[in-house]
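In the UniProt record's numbering, the protein residues as written are 1 to 317.
Even glycine gets a Cβ: it sits at the ideal position worked out from N, Cα and C.
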């Protein structure tokens, strides 16, 4: 197994995939195949087993590792994979992280794989840099840190700290194998994080708030669950957000992108309250997933919200 800790994360659109499940709670491999084939050409990276739309926090380890193995088979090195390793304890997280290179070796996988972790789910700010130093020396894979206060609020509202402290983040940027942050939260903290990482120009900041990225782009890229529904529209709009010079003064193109962006903002507002069940419902309606089964522990979406999304989705080509 070769050491991947020196690779850089991709710029652009990272699609957070849902985890297709059978009614028995097993991985639905056929639906995963259809999903990957649908999004691969539009994505710059794929997040699987993530804590939000991917339901990683609610899935048993064996399903998560099967998801990783099947994702490696389907992606075939075409784009970087981000794999969620967050467990309920540091020990569970470590076990998942160390299993990743084993799965890669089993499949003789030579593509890029990044670990993705929501540390405040199981660890306090105190001692986090030391924990990661030891973990990454063992795993020999790059890590993307997730700062997702809304996920913590929804799933465990008693958490004392929902954000990584800026001084702690600064220490994390000193660990070469930590390659960036997927960020959700206040804009002021986002700017403070950027200042904390000033010594690492290639330290990536991905925006997890799709609406903010679409209206005020300024990050390395965006992590989007909604891009599974309309991958080509998201590819075009995210590319224009990051590289507006490519659009130039073409009024027709600019107007088209503005209309597409507005639709995607409205769509994001519909699935934002419950990304996993709502996006799954829409993908099942589109025939990509065989069913919209969610993991035990995933809160179901209110039926009226589900219907609003299904009614709105056909309006986007």
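Practice problem: Below 7 angstroms CB to CB, which residues in the same chain sit around residue 316 once its five sequence neighbours on both sides are set aside? | Solution: Within the chain shown, residue 316 is the residue found at index 316, counting from 1. In this prediction, residue 316 scores a pLDDT of 49, lower than 50, which makes its location untrustworthy; no coordinate-derived value is stated.
Quiz item: Is the distance from the Cβ of residue 123 to the Cβ of residue 90 below 8 angstroms?
Solution: Within the chain shown, residue 123 is the residue found at index 123, counting from 1. Within the chain shown, residue 90 is the residue found at index 90, counting from 1. Yes, the pair counts as a contact, with Cβ atoms nearer than the cut-off.
Self-check item: Straight-line gap, residue 249 to residue 243 (C-alpha atoms, nearest Å)
Solution: For the purposes of this step, residue 249 is taken as residue 249 along the chain shown, with counting starting at 1. For the purposes of this step, residue 243 is taken as residue 243 along the chain shown, with counting starting at 1. Distance between the alpha carbons of residue 249 and residue 243 is about 13 angstroms.
Exercise. Let me know if residue 154 comes out buried or exposed under the rule of 16 or more other beta-carbons within 10 Å of its beta-carbon.
Key: Mapped onto the chain shown, residue 154 falls at position 154. Here residue 154 is exposed. Its C-beta has fewer than 16 other C-beta atoms within 10 Å.
Self-check item: Delimiting residues of the alpha helix (DSSP H) encompassing residue 125
Solution: In the chain shown, counting from the first residue as 1, residue 125 sits at position 125. In the DSSP assignment, residue 125 falls outside any alpha helix (DSSP H) and carries neither an H nor an E.
Quiz item: How long is the line joining the alpha carbons of residue 321 and residue 226, rounded to whole angstroms?
Solution: With the chain represented from 1 up to 317, any question about residue 321 goes unanswered, as that position is not in the structure.
Quiz item: Under a three-way DSSP split, which group does residue 311 fall into?
Solution: For the purposes of this step, residue 311 is taken as the residue at position 311 of the chain shown. Note: residue 311 maps to helix in three-state DSSP.
Quiz item: Nearest CA to the CA of residue 288: which residue from 220, 21, 8 and 10?
Solution: Along the chain shown, read from residue 1 onward, the residue named residue 288 stands at position 288. Among 220, 21, 8 and 10, the Cα nearest to that of residue 288 is on 21.
Self-check item: residue 163 (DSSP reduced to helix, strand or coil)
Solution: Taking the first residue of the chain shown as 1, we reach residue 163 at position 163. Here DSSP, grouped into helix, strand and coil, assigns residue 163 to coil.
Practice problem: Pick helix, strand or coil for residue 325, following the three-state DSSP scheme. | Solution: Given a span of 1 to 317 for the chain in the structure shown, any question on residue 325 remains unanswerable.
Exercise. Within 10 angstroms of the Cβ of residue 105, are there 16 or more other Cβ atoms? Answer buried if so, exposed if not.
Key: Within the chain shown, residue 105 is the residue found at index 105, counting from 1. Classification of residue 105: exposed, given that the 10 Å Cβ count is below 16.
Exercise. Could you please give the first and the last residue of the uninterrupted beta strand (DSSP E) stretch that includes residue 203?
Key: Locating residue 203 in the chain shown gives position 203, where the first residue counts as 1. Unbroken run through residue 203: none, as it is neither H nor E.
Self-check item: Coil, strand or helix - residue 187 by DSSP
Solution: Working through the chain shown from its first residue, we reach residue 187 at position 187. Residue 187 falls in the helix class under three-state DSSP.
Self-check item: Local Cβ density within 10 Å of residue 276, reported as buried at 16 or more and exposed below that
Solution: Mapped onto the chain shown, residue 276 falls at position 276. The residue in question, residue 276, is buried, as its Cβ has 16 or more Cβ neighbours within 10 Å.
Exercise. Determine which residues share a DSSP beta bridge with residue 224 and list them.
Key: For this step, residue 224 is matched to residue 224 along the chain shown. According to DSSP, residue 224 bridges with 15.
Exercise. Find out if the Cβ-Cβ distance for the pair residue 111, residue 73 is shorter than 8 angstroms.
Key: Working through the chain shown from its first residue, we reach residue 111 at position 111. Working through the chain shown from its first residue, we reach residue 73 at position 73. No, they are not a contact pair.
Quiz item: DSSP beta-bridge partners for residue 45?
Solution: Mapped onto the chain shown, residue 45 falls at position 45. DSSP, once it has assigned bridges, lists 14 as partnering residue 45.
Self-check item: Sequence-distant residues of its chain with Cβ nearer than 6 angstroms to residue 26 (five each side left out)
Solution: As a first step, residue 26 is located in the chain shown; it is residue number 26 there, counting from the start. The answer is none, since no qualifying residue turns up.
Practice problem: Can you tell me which of the three DSSP states residue 180 falls into? | Solution: Walking along the chain shown from the start, residue 180 turns up at place 180. In this structure, residue 180 counts as strand in the three-state DSSP scheme.
Quiz item: If you drop the 5 nearest sequence neighbours on each side, which residues of the same chain put their C-beta closer than 6 angstroms to that of residue 166?
Solution: Taking the first residue of the chain shown as position 1, residue 166 is located at position 166. So the qualifying residues of the chain are 192 and 196.
Self-check item: Integer-rounded CB distance, given that residue 59 should sit under 8 angstroms from residue 295
Solution: Here residue 295 refers to the residue found at position 295 when the chain shown is read from its first residue. Here residue 59 refers to the residue found at position 59 when the chain shown is read from its first residue. 5 angstroms between Cβ atoms; contact.
Quiz item: With a CB to CB cut of under 6 angstroms and the five nearest residues on each side skipped, what residues in its chain are close to residue 50?
Solution: Here residue 50 refers to the residue found at position 50 of the chain shown. The residues are 16, 56 and 84.
Self-check item: Neighbourhood of residue 180 by C-beta, 8 angstroms cutoff - its chain only, sequence neighbours within 5 removed
Solution: Translated into positions along the chain shown, residue 180 becomes position 180. Cβ neighbours of residue 180 beyond the five flanking positions: 9, 144, 145, 203, 204, 205, 206 and 220.
Quiz item: Got a sec, what are the start and stop residues for the beta strand (DSSP E) residue 143 sits in?
Solution: Stepping through the chain shown from its first residue, residue 143 is reached at position 143. Its beta strand (DSSP E) spans residues 143-147.
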